[in-house]
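**Student:**
Protein chains: 2
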Amino acid sequence: MAQRWKITVEFNGSPFLGWQRQDHGPSVQGCLEEAVRRFAQETVTVHAAGRTDSGVHATGMVASFDLEKPVSAEKVRDALNYHLKPNPIAVLKAEAMEGDFHARFTCIGRAYLYRITNRRAPLALDAGRSWLVSHPLDADAMHAAAQRLVGRHDFTSFRASLCQAASPVKTLAELSATRVGEEIHIVARARSFLHHQVRNMVGTLKMVGEGRWTADDVQAALEARNRSAAGQTAPADGLYFTRAFYPGDEFPEPISDGPNTPSSTSG
Amino acid sequence: MAQRWKITVEFNGSPFLGWQRQDHGPSVQGCLEEAVRRFAQETVTVHAAGRTDSGVHATGMVASFDLEKPVSAEKVRDALNYHLKPNPIAVLKAEAMEGDFHARFTCIGRAYLYRITNRRAPLALDAGRSWLVSHPLDADAMHAAAQRLVGRHDFTSFRASLCQAASPVKTLAELSATRVGEEIHIVARARSFLHHQVRNMVGTLKMVGEGRWTADDVQAALEARNRSAAGQTAPADGLYFTRAFYPGDEFPEPISDGPNTPSSTSG
Chain H
2 MAQRWKITVE FNGSPFLGWQ RQDHGPSVQG CLEEAVRRFA QETVTVHAAG
52 RTDSGVHATG MVASFDLEKP VSAEKVRDAL NYHLKPNPIA VLKAEAMEGD
102 FHARFTCIGR AYLYRITNRR APLALDAGRS WLVSHPLDAD AMHAAAQRLV
152 GRHDFTSFRA SLCQAASPVK TLAELSATRV GEEIHIVARA RSFLHHQVRN
202 MVGTLKMVGE GRWTADDVQA ALEARNRSAA GQTAPADGLY FTRAFYPGDE
252 FPEPISDGPN TPSSTSG
Chain C
2 MAQRWKITVE FNGSPFLGWQ RQDHGPSVQG CLEEAVRRFA QETVTVHAAG
52 RTDSGVHATG MVASFDLEKP VSAEKVRDAL NYHLKPNPIA VLKAEAMEGD
102 FHARFTCIGR AYLYRITNRR APLALDAGRS WLVSHPLDAD AMHAAAQRLV
152 GRHDFTSFRA SLCQAASPVK TLAELSATRV GEEIHIVARA RSFLHHQVRN
202 MVGTLKMVGE GRWTADDVQA ALEARNRSAA GQTAPADGLY FTRAFYPGDE
252 FPEPISDGPN TPSSTSG
């Protein structure tokens with residue numbers, strides 16, 4: 002009988018069209034499926050907790066697939082890493098799971114990190130790995146405004162036009178902005194996100210950081226339920242899928258629908 | 002009259018033969034001098050606090066040169082960055098200095114960071130930017146052993162055969178090893194270093210981290226004054242020139258020649 006495997010994966014998204022297998026170029030899923038084929042001579046579908054866009058990175062993507070071949074967890078990890086070379090994809094961990102585990106369908110939460118480098122000079126070491134913003138940003142103001150988005154809301158204003166989700170209502174469990182030296186780190190956590198939701202929220206918070214928007218403006222953008230009411234889509238470069246949560250993992254929800262959101266959760 | 006300029010530079014060393022201008026390939030110095038020529042139509046020599054090897058990175062290299070063209074500091078920084086594209090070199094800051102400032106000759110201290118990633122999986126995001134060591138390392142043991150090297154010693158055992166320094170005696174002001182998640186960060190600080198000294202010290206401390214060597218073995222290697230007595234040269238990938246110190250900067254020296262070094266400083 003086949004064994005279900007869970008793998009935790011790091012990748013540099015720059016050379017890929019994104020997670021999902023594509024006919025016209027390299028994808029993370031395609032590379033992983035090819036590595037499984039070379040290692041085990043089995044044709045599998047590798048399912049991910051999140052189907053990241055082109056250029057988006059991961060430090061802790063979770064994926065799952067089945068293998069007929071009987072092997073140890075160490076062998077799965079090391080053999081996949083061997084066959085993944087020279088692609089910038091690394092399997093950090095492999096774990097044998099019960100057959101009801103599914104990286105996407107049993108996932109109860111996702112976390113992303115968005116890195117902004119807030120300086121005038123271009124990025125030499127972090128080119129393609131952070132969003133360079135030249136104007137000085139007020140991280141505290143960004144953090145305060147971000148709290149207007151925490152909770153259960155209709156996030157139509159932060160949803161890509163191509164988004165295929167059935168409903169625009171999501172519960173944002175965390176959205177925090179913290180200054181770390183010349184960087185600003187934005188952490189977003191939710192059961193699931195709409196397409197481009199994190200990057201659209203970051204693009205909006207950037208306007209707050211620049212002093213062009215207030216927290217009230219962010220709330221008004223949310224309540225407008227109209228994509229054109231919110232800020233730009235932040236570039237893929239700064240976005241990292243950091244963690245997927247499964248039953249048994251602690252995934253703290255916000256205590257309420259978030260402060261200062263009296264009217265925005267009815268949609 | 003010409004103006005002396007000090008610039009602080011970040012670069013990714015991977016595509017370069019090193020700092021120093023070479024006829025047979027790209028160098029950081031060559032790129033900076035070419036950027037000055039394009040911006041100011043002046044042919045200058047750009048002097049650095051440290052002439053880093055091929056593949057070595059910098060987050061805070063300091064360099065100096067003269068310009069006849071009267072310009073503001075902001076213009077020097079922005080114009081150099083414009084003309085440096087698409088090379089992974091960024092001028093973080095430009096400062097007008099007195100004529101007696103010289104990035105190399107007035108430098109009173111240099112600091113390096115060496116990054117080790119201590120895990121089994123290959124590096125996807127940090128390929129070329131950290132040293133991957135698979136065997137578990139004991140950072141505390143590495144730190145303790147490193148203290149045997151702090152102080153004024155004959156560092157012949159840690160000196161590249163091609164090193165051109167007049168004397169192998171150097172005063173190591175700091176050598177610390179700290180675990181930061183799955184990484185080990187080694188910080189080295191001295192007025193100056195021998196060629197490959199930091200990388201040779203790191204290669205030796207790695208043996209301590211693996212449990213193959215003790216702190217006494219490190220001290221014996223130092224006292225042997227023989228390159229073959231110490232460990233391997235750690236790869237360039239993990240090394241970052243982080244800071245140059247000049248008169249007026251605080252540069253704490255070790256209180257003594259370091260603990261447990263009764264006989265090793267007479268050379």
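Chains H and C, in that order, give the protein sequences.
Quick note on numbering: our numbering labels position 243 of the first sequence as 244, and the sequence is numbered without any gaps.
Quick note on numbering: our numbering labels position 208 of the second sequence as 209, and the sequence is numbered without any gaps.
Every residue, glycine too, gets a C-beta built ideally from N, C-alpha and C.
Can a CB atom of chain C be found closer than 9 Å to the CB of H/Lys86?
**Tutor:** Start at 1 with the first residue of the first sequence, and residue 86 of chain H comes out as number 85. Yes, because at least one Cβ of chain C sits closer than 9 Å to the Cβ of H/Lys86.
**Student:** Tell me whether the region 19-29 of chain H and the region 73-84 of chain H touch, counting them as touching only if at least three CB pairs, one residue from each stretch, are closer than 8 Å.
**Tutor:** no
**Student:** Can you give me the Cβ contacts of C/Ala91 inside the same chain, cut-off strictly under 8 Å, excluding the 5 residues immediately before and after it?
**Tutor:** Position 90 of the second sequence, counted from the first residue, corresponds to residue 91 of chain C. So the list reads Val10, Glu11, Phe12, Asn82, Leu85, once near-sequence residues are dropped.
**Student:** In chain order, what residues of the same chain lie with their CB nearer than 7 Å to the CB of C/Ala231, ignoring the 5 residues before and after it?
**Tutor:** For the purposes of this step, residue 231 of chain C is taken as residue 230 along the second sequence, with counting starting at 1. Listed in chain order, the non-local C-beta contacts of C/Ala231 below 7 Å within the same chain comprise Ser158, Phe159, Asn201, Thr205, Ala222, local neighbours out to five positions each way being set aside.
**Student:** I'd like the span of the alpha helix (DSSP H) that includes H/Gly31, first residue to last.
**Tutor:** As a position in the first sequence, residue 31 of chain H is number 30, starting the count at 1. If you look at H/Gly31, you'll find it in the alpha helix (DSSP H) that goes 29-41.
**Student:** Identify every residue that forms a DSSP beta bridge with H/Asp155.
**Tutor:** Here the question's residue 155 of chain H lines up with position 154 in the first sequence. According to DSSP, H/Asp155 bridges with H/Val170.
**Student:** How would you list, in chain order, the residues of chain C whose beta-carbon sits under 7 Å from the beta-carbon of H/Asn13?
**Tutor:** Along the first sequence, one-based indexing puts residue 13 of chain H at 12. Result: Ala125, Leu126.
**Student:** With H/Ala91 as the anchor, note down where its beta strand (DSSP E) starts and where it stops.
**Tutor:** In the first sequence, the residue the question calls residue 91 of chain H occupies position 90. Element bounds for H/Ala91: 90-98.
**Student:** Do C/Gly61 and C/Met143 have their C-beta atoms within less than 9 Å of each other?
**Tutor:** Within the second sequence, residue 61 of chain C is the residue found at index 60, counting from 1. Within the second sequence, residue 143 of chain C is the residue found at index 142, counting from 1. Not a contact, by the Cβ cut-off of 9 Å.
**Student:** State the DSSP-derived secondary structure class of H/His196, mapped to helix, strand or coil.
**Tutor:** As a working mapping, residue 196 of chain H is identified with position 195 in the first sequence. In this structure, H/His196 counts as coil in the three-state DSSP scheme.
**Student:** Run through the region 46-113 of chain C for me and flag every whole alpha helix (DSSP H) of 4 or more residues, listed as ranges in chain order.
**Tutor:** 74-85
**Student:** Name the one or two DSSP bridge partners that C/Lys7 has.
**Tutor:** Here residue 7 of chain C refers to the residue found at position 6 when the second sequence is read from its first residue. C/Lys7 is bridged to C/Ser65, C/Glu96.
**Student:** Going along chain H in order, which residues have a C-beta closer than 9 Å to the C-beta of C/Leu138?
**Tutor:** In the second sequence, counting from the first residue as 1, residue 138 of chain C sits at position 137. Using a Cβ-Cβ cut-off of 9 Å, C/Leu138 is close to nothing in chain H; its nearest Cβ partner there is about 17 Å away.
**Student:** Please list the partners that C/Thr179 has in chain H, where partner means a Cβ-to-Cβ separation under 8 Å.
**Tutor:** Reading the second sequence from its first residue, position 178 is the one you call residue 179 of chain C. Per Cβ cutoff of 8 Å: no residues; C/Thr179 is ~17 Å from chain H at best.
**Student:** Would you mind sorting H/Ala3 into buried or exposed? The rule is 16 or more other CB atoms within 10 Å of its CB.
**Tutor:** Working through the first sequence from its first residue, we reach residue 3 of chain H at position 2. With fewer than 16 other Cβ atoms within 10 Å, it is exposed.
**Student:** Going by DSSP, what residue range makes up the beta strand (DSSP E) through C/Glu1?
**Tutor:** Residue coverage of chain C in this structure runs from 2 to 268, which leaves residue 1 of chain C outside it and unanswerable.
**Student:** Can you give me the Cβ contacts of H/Glu43 inside the same chain, cut-off strictly under 7 Å, excluding the 5 residues immediately before and after it?
**Tutor:** Within the first sequence, residue 43 of chain H is the residue found at index 42, counting from 1. Hits under 7 Å: Val37, Leu68, Glu69, Lys70.
**Student:** Could you please tell me which residues of the region 86-111 of chain H, in chain order, have their CB closer than 7 Å to any CB of chain C?
**Tutor:** Pro89, Ile90, Ala91, Val92, Leu93
**Student:** In terms of alpha-carbon separation, which member of C/Phe40, C/Glu251, C/Ala59, C/Pro16 lies closest to C/Val72?
**Tutor:** Indexing the second sequence from 1 puts residue 72 of chain C at position 71. When only C-alpha atoms are compared, the closest one is C/Phe40.
**Student:** Report the CB separation of H/Val203 from H/Leu150 in whole angstroms; it is logged as a contact under 8 Å.
**Tutor:** Along the first sequence, read from residue 1 onward, the residue named residue 203 of chain H stands at position 202. Along the first sequence, read from residue 1 onward, the residue named residue 150 of chain H stands at position 149. No, H/Val203 and H/Leu150 are not in contact; Cβ-Cβ is about 11 Å, not under 8 Å.
**Student:** Over the uninterrupted beta strand (DSSP E) stretch that includes C/Ala245, give me the two end residues.
**Tutor:** Walking along the second sequence from the start, residue 245 of chain C turns up at place 244. Run containing C/Ala245: 240-246, per the beta strand (DSSP E) assignment.
**Student:** Would you mind sorting C/Leu33 into buried or exposed? The rule is 16 or more other CB atoms within 10 Å of its CB.
**Tutor:** Along the second sequence, one-based indexing puts residue 33 of chain C at 32. So C/Leu33 ends up on the buried side.
**Student:** Residues of chain C with CB under 7 Å from H/His58, in chain order?
**Tutor:** Taking the first residue of the first sequence as position 1, residue 58 of chain H is located at position 57. Within 7 Å Cβ-Cβ: Leu126.
**Student:** Could you name the residues of the region 65-82 of chain H whose beta carbon sits closer than 9 Å to any beta carbon of chain C, in the order they occur along the chain?
**Tutor:** Glu75, Arg78, Asp79, Asn82
**Student:** Tell me the rounded alpha-carbon separation between C/Gly56 and C/Glu35.
**Tutor:** As a first step, residue 56 of chain C is located in the second sequence; it is residue number 55 there, counting from the start. As a first step, residue 35 of chain C is located in the second sequence; it is residue number 34 there, counting from the start. Here the C-alpha atom of C/Gly56 lies approximately 20 Å from the C-alpha atom of C/Glu35.
**Student:** Under 9 Å between C-beta atoms, does C/Arg244 make it to chain H?
**Tutor:** As a first step, residue 244 of chain C is located in the second sequence; it is residue number 243 there, counting from the start. It does not: the Cβ of C/Arg244 has no partner Cβ on chain H nearer than 9 Å.
**Student:** Are the CB atoms of C/Arg111 and C/Ala245 within a distance shorter than 9 Å?
**Tutor:** In the second sequence, residue 245 of chain C corresponds to position 244, counting from 1. In the second sequence, residue 111 of chain C corresponds to position 110, counting from 1. Yes.
**Student:** Can the beta-carbon of H/Ala145 be found less than 9 Å from the beta-carbon of H/Arg180?
**Tutor:** Here residue 145 of chain H refers to the residue found at position 144 when the first sequence is read from its first residue. Here residue 180 of chain H refers to the residue found at position 179 when the first sequence is read from its first residue. At least 9 Å separates the beta-carbon of H/Ala145 from that of H/Arg180.
**Student:** So, with DSSP's three-state summary, where would you put C/Asn13?
**Tutor:** Start at 1 with the first residue of the second sequence, and residue 13 of chain C comes out as number 12. It is coil, neither helix nor strand.
**Student:** What is the DSSP secondary structure of C/Ser229, counted as helix, strand or coil?
**Tutor:** Position 228 of the second sequence, counted from the first residue, corresponds to residue 229 of chain C. Here C/Ser229 sits in helix by DSSP.
**Student:** When DSSP builds the beta bridges, which residues end up paired with C/Asn119?
**Tutor:** Translated into the one-based positions of the second sequence, residue 119 of chain C becomes position 118. Note: C/Asn119 sits in a beta bridge opposite C/Val134.
**Student:** Mind checking which residues open and close the alpha helix (DSSP H) that includes C/His144?
**Tutor:** The count along the second sequence starts at 1 and reaches residue 144 of chain C at position 143. From DSSP, the alpha helix (DSSP H) with C/His144 extends over 140-147.
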